[in-house]
Amino acid sequence: MVVPRIDHLVLGVINLEQAESDFRHCGFDVLDRGDAAGPMQNRLVRFADGSFLELLAFSGDSTHRFAPRWMKGSGWIDFALNASDFSRQTEALRSETGRELPRRSLSKPAPNVGKSWELDLIEPGVGAFDPVLPFLIEEKTPTEWRLPPLGDDIRQPHGISAVRGVTCVTDDLERSKTLMSAVFGRPAAIASRHGAGTIAVLFEEEKIWVELVQPINSATAIGTHIQKYGTGLYEATLLGNEAIESLPVAARHRAKLRVSSVDGFPFH
5 MVVPRIDHLV
15 LGVINLEQAE
25 SDFRHCGFDV
35 LDRGDAAGPM
45 QNRLVRFADG
55 SFLELLAFSG
65 DSTHRFAPRW
75 MKGSGWIDFA
85 LNASDFSRQT
95 EALRSETGRE
105 LPRRSLSKPA
115 PNVGKSWELD
125 LIEPGVGAFD
135 PVLPFLIEEK
145 TPTEWRLPPL
155 GDDIRQPHGI
165 SAVRGVTCVT
175 DDLERSKTLM
185 SAVFGRPAAI
195 ASRHGAGTIA
205 VLFEEEKIWV
215 ELVQPINSAT
225 AIGTHIQKYG
235 TGLYEATLLG
245 NEAIESLPVA
255 ARHRAKLRVS
265 SVDGFPFH
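Quick note on the numbering used here: the sequence shown kicks off at 5 and runs consecutively.
The following block contains the structure:
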């Protein structure tokens with residue numbers, strides 16, 4: 005069994021160079037991994053546990069599943085889960101969705117080690133079935149081949165060391181809850197922290213968590229968000245050494261990103 009980890013968050017940005025500059029200006033180390041040129045370009049903000057934030061932009065027309073959300077403007081697009089039991093979770097998702105959900109293999113050169121990194125993945129969420137679902141990955145090579153680790157002399161600001169949790173919004177909590185249960189097991193009912201007019205459940209595995217929220221009043225902030233951007237990833241929480249309700253650098257790119265010093269769900 006693999007220790008589950010939210011592998012990375014995908015933040016769509018309209019101007020990649022500006023986004024990179026914004027994050028660097030706020031003290032973040034940003035990596036250009038040197039991926040081959042193509043319609044998608046990225047920069048990576050790495051954390052000590054091997055998770056990262058991917059700043060992603062398109063340079064032209066694309067049929068990629070992320071493109072429709074990116075065309076709506078900057079903001080969260082998707083998240084990836086380094087699955088604890090990839091085969092079991094894949095079969096459970098196939099059963100719940102009634103779809104094949106093909107297993108895809110991905111390999112790219114890793115110049116830092118002179119080899120290629122490899123992983124398998126399935127994509128049941130954005131562009132496929134329910135956007136709240138992560139895409140699941142199973143690494144075939146060490147994480148550090150795909151993501152060169154931070155040097156001992158590099159620290160991200162606020163002591164940030166990991167992606168710890170995500171909040172996803174849905175227009176059908178029962179449906180999304182059933183699908184997410186195929187990945188994380190049974191959720192816990194919680195009082196929604198997002199105010200009147202919303203309901204929520206919580207999934208936890210080890211130290212990571214996924215909060216699912218549905219607006220029952222379309223006039224709420226989440227209801228308005230869904231009308232404009234659709235369902236899916238809404239907010240992310242990083243683990244650091246202090247609590248920050250909203251990182252301004254992410255807010256500039258229409259992303260809700262907070263820092264918590266609690267190693268687990270911080271809103272009990």
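By construction, the Cβ of each residue, glycine as well, lies at the ideal position given by its N, Cα and C atoms. Note that the structure is a prediction, hence the values are computed from the model and not measured.
| query | result |
| --- | --- |
| Boundaries of the alpha helix (DSSP H) in which Phe51 is found, first to last residue | Per DSSP, Phe51 belongs to no alpha helix (DSSP H) and is neither H nor E. |
| Asn245 versus Phe90: straight-line alpha-carbon distance, rounded | 31 Å |
| Top-ranked residue by Cα proximity to His272, from Gly129, Leu60, Ala192, Gln45 | Ala192 |
| Val173, enclosing alpha helix (DSSP H) - first and last residue | From DSSP, Val173 is part of no alpha helix (DSSP H) but of the beta strand (DSSP E) over 166-173. |
| Coarse secondary structure for Glu178, derived from DSSP in three states | helix |
| Beta carbon of Asp124 nearer than 7 Å to that of Ser180 | no |
| Given 8 Å, three or more beta-carbon pairs between the stretch 203-211 and the stretch 182-191 | yes |
| Contact check, Val17 vs Ser55, beta carbons under 7 Å | no |
| Beta-bridge pairing of Thr202 - partner residues as DSSP gives them | Pro219 |
| Pro8 vs Ser99 beta-carbon contact at 7 Å | no |
| Gly150, DSSP secondary structure in three states | Going by the sequence as given, residue 150 is Arg instead of Gly. Arg150: helix per DSSP, three-state reduction. |
| Those runs of the beta strand (DSSP E) which lie wholly inside the stretch 100-149 and span at least 3 residues | 108-114, 119-126, 139-143 |
| Endpoints, the alpha helix (DSSP H) within which Asp26 is located | 20-29 |
| Residues that DSSP places opposite Met44 in a beta bridge | Phe62 |
| Same chain, Cβ closer than 7 Å to Ala247, neighbours up to 5 away in sequence not counted | Val263, Ser264, Ser265 |
| Of the listed residues Ile81, Asp36, Met75, nearest to Ser63 (C-alpha basis) | Met75 |
| Distance CB(Glu24)-CB(Arg50) smaller than 7 Å | no |
| Length of the line joining the Cα atoms of Val187 and Glu58 | 23 Å |
| Stretch pair the stretch 136-156 + the stretch 107-121: three plus CB contacts closer than 8 Å | yes |
| Range covered by the beta strand (DSSP E) that runs through Ala240 | 236-243 |
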